[in-house]
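Presented below is the structure to which this report refers.
Number of protein chains: 2
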Amino acid sequence: MTGNTRPGGRTARVRGAVLQAAGDALAEHGLAGLDLADVARRAVVGKTTVYRRWGTVAGLVADLLLDMAEQSLPRADTGSLAGDLRANARLVQRTLSDPRQGALFKAVIAAATSDPRTAEALHGFYRTRIREWAPCVDLATARGEVPAGTDPDEVIRAVSAPLYYRLLASGDPVDEAAADTAAEAATAAARAGVFVR
Amino acid sequence: MTGNTRPGGRTARVRGAVLQAAGDALAEHGLAGLDLADVARRAVVGKTTVYRRWGTVAGLVADLLLDMAEQSLPRADTGSLAGDLRANARLVQRTLSDPRQGALFKAVIAAATSDPRTAEALHGFYRTRIREWAPCVDLATARGEVPAGTDPDEVIRAVSAPLYYRLLASGDPVDEAAADTAAEAATAAARAGVFVR
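Protein chains in written order, with the UniProt record's numbering: chain A, 1 to 197; chain B, 1 to 197.
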């Protein structure tokens, strides 16, 4: 087990190795190909440890999403709502268009359509990410860029939505141009007061 | 076989019954539960007919999506972009929050994440729907509501995206308020010139 730079002792190292292996397996084969014994083998960790700590595939995916939310980059602070939302959109775009990360998100989202526990973990991931980026909107409101009462969560969701729609539904490219358009559209709608509660 | 009001003779009636049965099975059990023999039984159609005409599950799902695109309601013409986009958003919202249709879309979108043929059929569905609604934007451009050069496809995609994001990613409710906000955000962004090519 090398290259793990996370803080913490053996427990944290084991978790890091197991979640890395789980993410690799998910990205390669989807949720149907995820198996705790295989993950233990890939992570070079005892099978008993994996079963005891994560119990089920759904439990492992839930912990993977928790870790992904914790490891995600913190929000930007560029001084303007347009700049912050562009940074957010490009972060989402890079994640979804990355071969490993994009495949991983597709696999987890597909699993969440039929498994309630995975769906709950997925929704928790987005709650954490939205909470991280919401202060950009509060700062913009304080600066007078958008009307008082603008709902930060709605603005952050509006930035991501077009990129996920392209990835999962329409199949249009998830490129930087799409990211910038998504950020500009959310900024324009927020300025126009669409997201005032 | 009763209640089929589509035009056409026996061939069209068989197709209608088979696609209805396929949609029911998909909504109930997801793609993993879709089986041509079971669909034939539900539709009271010969198994050989189903195998000969659709061949595979992917082929059947592709034809179901083609039919869903053809059967979808035509675009609205309310006289304003805001009105047309609200009508579009509410149509998408009603579809996604309908128990049968919502489950069907989730199942097909999940399947498309790992099956290229289903993905192609899904993208074709959205191309057809976007083409149907794009003239709303051209009319708005002609009326001077949005700047010349506004990309109709981008505007129509922007209306649907927040509703799909809620359904598939964040888990927030896909309700009428979400539909109206999606339509207003797309309208405001279009007016601000965000979607000019």
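All residues carry an ideal CB built from backbone N, CA and C; glycine is no exception.
Query                                                                                                    : Result
Helix, strand or coil at B:Val174 according to DSSP, with G and I counted as helix                       : coil
Contact residues within the segment 66 to 77 of chain B, judged by C-beta distance below 8 Å to chain A  : none
Best match in A:Ser114, A:Pro152, A:Ala148 and A:Pro162 for proximity to A:Arg127 [C-alpha to C-alpha]   : A:Pro152
Contact residues within the segment 79 to 104 of chain B, judged by C-beta distance below 7 Å to chain A : none
Chain A within 9 Å of B:Met1, Cβ atoms only                                                              : Residue placement at B:Met1 cannot be trusted, given a pLDDT of 39 that sits under 50; the coordinates are not used to answer.
Near-chain B residues of the segment 130 to 161 of chain A - C-beta to any C-beta below 8 Å              : Ile130, Glu154, Arg157, Ala158, Ser160 and Ala161
Strand pairing of A:Val146, partner residues [DSSP]                                                      : The partner list for A:Val146 (beta bridge, DSSP) is empty, contrary to what the question assumes.
Within 9 Å, strictly: CB atoms of B:Gln71 and B:Leu163                                                   : no
Below-9 Å beta-carbon distance, A:Val174 vs any chain B residue                                          : no
Beta-carbon neighbours of B:Val194, restricted to chain A and to distances below 7 Å                     : Thr181, Glu184, Ala185 and Ala188
Contacts of A:Leu64 in chain B (Cβ-Cβ under 8 Å)                                                         : What A:Leu64 touches in chain B: nothing, since even the nearest Cβ is about 16 Å away.
A:Ala87 versus A:Ala134: straight-line alpha-carbon distance, rounded                                    : 13 Å
Reduced DSSP category for B:Ala192 - H, G, I as helix; E, B as strand; rest coil                         : coil
Residue from B:Thr141, B:Ala112, B:Pro74 and B:Pro99 with nearest C-alpha to B:Arg131                    : B:Pro74
Beta carbon of B:Ala89 nearer than 9 Å to that of B:Val159                                               : yes
Alpha-carbon to alpha-carbon, A:Arg143 and A:Ala188                                                      : 16 Å
Residue-chain proximity (B:Asn4, chain A), Cβ-Cβ < 9 Å                                                   : Bear in mind that the predicted position of B:Asn4 carries a pLDDT of just 46, short of 50, making it unreliable; the figure below should be weighed with that in mind. No, B:Asn4 lies away from the interface with chain A (no Cβ there is under 9 Å from its Cβ).
Local Cβ density within 10 Å of B:Gly33, reported as buried at 16 or more and exposed below that         : exposed
First through last residue of the alpha helix (DSSP H) which encompasses A:Ala17                         : Arg10 to His29
DSSP three-state assignment for B:Gly59, whether helix, strand or coil                                   : helix
Proximal chain A residues relative to B:Ala21, where beta-carbon distance stays under 9 Å                : Going along chain A, no residue has its Cβ under 9 Å from B:Ala21, so there is no contact; the nearest lies around 20 Å.
Rounded straight-line distance, which links the Cα of A:Val174 to that of B:Ala112                       : 16 Å
Separation of B:Pro116 from B:Gly46, as counted between CA atoms                                         : 28 Å
Beta-carbon spacing of B:Leu167, B:Leu96 below 9 Å                                                       : yes
Backbone secondary structure at A:Thr78 - three-state DSSP                                               : coil
Rounded separation between A:Met1 and A:Val44 - CA only                                                  : Legend: pLDDT at A:Met1 = 39, less than 50; position of this residue unreliable, value from coordinates given subsequently. A:Met1 and A:Val44: Cα-Cα distance of roughly 8 Å.
Nearest-angstrom Cα separation, counted from A:Thr118 out to A:Leu31                                     : 11 Å
Nearest-angstrom Cβ-Cβ length linking A:Ala58 and A:Val39, presumed shorter than 8 Å                     : Contact doesn't hold; Cβ gap of about 13 Å is too wide.
Backbone CA spacing between A:Tyr51 and A:Ala17 [nearest angstrom]                                       : 15 Å
7 Å Cβ cut-off: residues of chain B touching A:Leu34                                                     : What A:Leu34 touches in chain B: nothing, since even the nearest Cβ is about 13 Å away.
Proximal chain B residues relative to A:Gly46, where beta-carbon distance stays under 9 Å                : Near A:Gly46 there are no residues of chain B at all, since even the closest Cβ is about 31 Å away, more than 9 Å.
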